[in-house]
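Under this note's numbering, the residues of the sequence shown are numbered 129 to 289, in order. Backbone N, C-alpha and C fix where the C-beta goes; we use that ideal spot for every residue, glycine too.
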Amino acid sequence: MPKTLPLVTIPTPSLRVRSVEVDPAVIGTPDFQLFLDDLIQTMFDDNGVGIASPQVGRNDRIFVVDEKSGPRVIINPEVTATTKSLVESEEGCLSVPGVYGIVERFKKVHVTGLDRHGRKMAFDARGFMAIVYQHEYDHLNGVLFIDKAIRMTKGGNSVRV
Ligand SMILES: [Zn+2]
């Protein structure tokens with residue numbers, strides 16, 4: 129059974145370092161697969177739309193996003209803008225409780241990486257999901273939304289990621 133992992137919050141150092149690439153050879157191991165299930169469970173239990181591995185104190189380049197089709201694990205992701213157009217999003221973060229702000233994000237991104245079985249994936253995201261991918265990708269580089277926020281808010285419409 130997957131379990132809920134404890135979230136880490138600022139100022140925990142693991143949130144502020146660049147996480148390391150996962151060796152594809154470990155992806156198929158039972159311990160690694162169990163960790164992925166635990167990460168997904170933690171995202172659901174904390175009502176997040178996404179979660180990155182450093183948010184549970186493990187500095188691997190992994191995040192999970194709750195897509196309509198179900199939770200999508202991406203290992204060793206790259207998220208790159210495919211437009212210069214920006215959109216303002218109101219964000220919060222499971223690792224920065226009670227703080228919300230407006231962040232400028234790219235409207236469209238291209239995402240590549242490995243799925244939970246180690247297969248290559250590549251797809252485009254836009255709108256709300258593009259914002260979530262950018263937020264999670266920042267976590268893997270030790271960047272938090274509070275670093276980018278252009279103003280703080282009360283968080284009425286914020287995304288929990
Ligand atoms: Zn976050």
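Contact under 8 Å by Cβ, residue i with residue j
| i | j | result |
| --- | --- | --- |
| proline 205 | valine 239 | yes |
| isoleucine 230 | arginine 288 | no |
| isoleucine 168 | valine 192 | yes |
| arginine 296 | leucine 133 | Not covered by the structure: residue 296. The range shown for the chain is 129 to 289. |
| valine 260 | glycine 198 | no |
| arginine 244 | valine 201 | yes |
| aspartate 165 | proline 139 | no |
| leucine 242 | proline 152 | yes |
| glutamate 219 | histidine 263 | yes |
| alanine 209 | valine 237 | yes |
| valine 150 | asparagine 187 | no |
C-alpha gap between residue i and residue j, whole angstroms
| i | j | result |
| --- | --- | --- |
| valine 215 | lysine 235 | 6 Å |
| isoleucine 274 | serine 147 | 19 Å |
| cysteine 221 | leucine 143 | 12 Å |
| proline 141 | serine 223 | 12 Å |
| arginine 254 | aspartate 159 | 33 Å |
| valine 271 | alanine 277 | 11 Å |
| isoleucine 248 | threonine 137 | The identity of residue 248 in the sequence shown is lysine, whereas the question assumes isoleucine. Approximately 31 Å, taken between the alpha carbons. |
| asparagine 175 | phenylalanine 163 | 18 Å |
| glycine 284 | isoleucine 203 | 31 Å |
| threonine 281 | proline 225 | 13 Å |
| methionine 171 | lysine 212 | 30 Å |
| lysine 196 | phenylalanine 256 | 12 Å |
| leucine 194 | serine 286 | First, the amino acid is wrong: residue 194 is aspartate here, not leucine. Taking the straight line joining both Cα atoms gives about 16 Å. |
| phenylalanine 81 | tyrosine 265 | Since the first residue shown for the chain is 129 and the last is 289, residue 81 is missing from the structure and cannot be characterised. |
| threonine 74 | alanine 180 | Since the first residue shown for the chain is 129 and the last is 289, residue 74 is missing from the structure and cannot be characterised. |
Assigned secondary structure, residue i (DSSP; H/G/I helix, E/B strand, else coil)
| i | result |
| --- | --- |
| threonine 281 | strand |
| arginine 144 | helix |
| proline 199 | strand |
| valine 154 | helix |
| proline 205 | strand |
| isoleucine 190 | strand |
| valine 287 | strand |
| isoleucine 138 | coil |
Min CB distance residue i to chain B below 8 Å
| i | result |
| --- | --- |
| phenylalanine 163 | You won't find chain B in this structure, because it holds only one protein chain. |
Where in the segment 208-277 do unbroken runs of the beta strand (DSSP E), each at least 3 residues long, occur, reported from the N-terminal end onward?
214-221, 224-234, 236-242 and 248-254
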